[in-house]
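Note that the working numbering has the sequence shown beginning at 560, numbered continuously upward. For every residue, glycine included, the Cβ atom is placed at its ideal position computed from N, Cα and C. The structure appears below as C-alpha cells.
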Amino acid sequence: MRLSRRLASTTVAVALVLPLSYDAIAHTRVHTAEAEAEPEDPFGAACRIRVTGSHVTAYCHNPYPETDRVSLHVECARWWDIDSDGSSVAAEPAQTVRLTGRCWKEVASVWVSHRQES
C-alpha cells in the first residue's frame, strides 16, 4: 500500500512540474559559438514590440548604413483567429519605422523578421 501511495504522489508531482519545465525550455535560446561571434558588417534594426490587448505595435530603428527590410508577424491565440505576416517595410539608415498588427482576441506571439536589401 505504501508503494502505491508513494508512486501516486511521485506521478502527481511529475505531472505538475512537466508543463512548467516545457515552457521554460520552449522560451530559452541556445547560444552557440557561431551566434556569439560578431558579424563583420553589422546589420539589423533594433525593434521594440508592445502588445496592448489584441493590438500589436513595433518600432524598429536602424542605426546601420545598410537598409533593413522588416516585417511584423503576429500569431493569434485562438485557433479561428487569423495569424498575420505583414508586408516588409524598408528601414533606411538612421530611420525608425512603425509596424502594426492585431488579432480579434488574444495575441499568442509576435516577432519581427529582418532581410538585408541587396
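Excluding the 5 residues flanking residue i on each side, which residues of the same chain have their C-beta closer than 7 Å to its C-beta?
i: residue 647; result: 628, 629, 630, 674
i: residue 660; result: 615, 631, 633, 643, 645
i: residue 581; result: Residue confidence for residue 581 is low, a pLDDT of 42 falling below 50, so the modelled location carries little weight and cannot support an answer.
i: residue 599; result: none
Can you list, in chain order, the residues of its chain whose CB lies under 6 Å from that of residue i, leaving out five sequence neighbours each side?
i: residue 619; result: 604, 606, 629, 650, 656
i: residue 636; result: 665, 667
Which residues share a DSSP beta bridge with residue i?
i: residue 606; result: 619
i: residue 626; result: According to DSSP, which records beta bridges pairwise, residue 626 is partnered with nothing at all.
i: residue 674; result: 628
i: residue 634; result: 668
i: residue 643; result: 633
Can you tell me the Cβ-Cβ gap for residue i and residue j, rounded? I've got them flagged as a contact below 8 Å.
i: residue 671; j: residue 610; result: In fact, because the Cβ distance is near 13 Å, the residues do not count as touching under 8 Å.
Considering just the uninterrupted stretch of the beta strand (DSSP E) at residue i, what are its terminal residues?
i: residue 660; result: 654-661
i: residue 650; result: 648-650
Ignore the nearest five residues each way along the sequence and tell me which others in residue i's own chain have a CB closer than 8 Å to its CB.
i: residue 590; result: Note that residue 590 has pLDDT 46, beneath the 50 cutoff, so the model's placement of it is unreliable and the number below is only indicative. Here the set comprises nothing.
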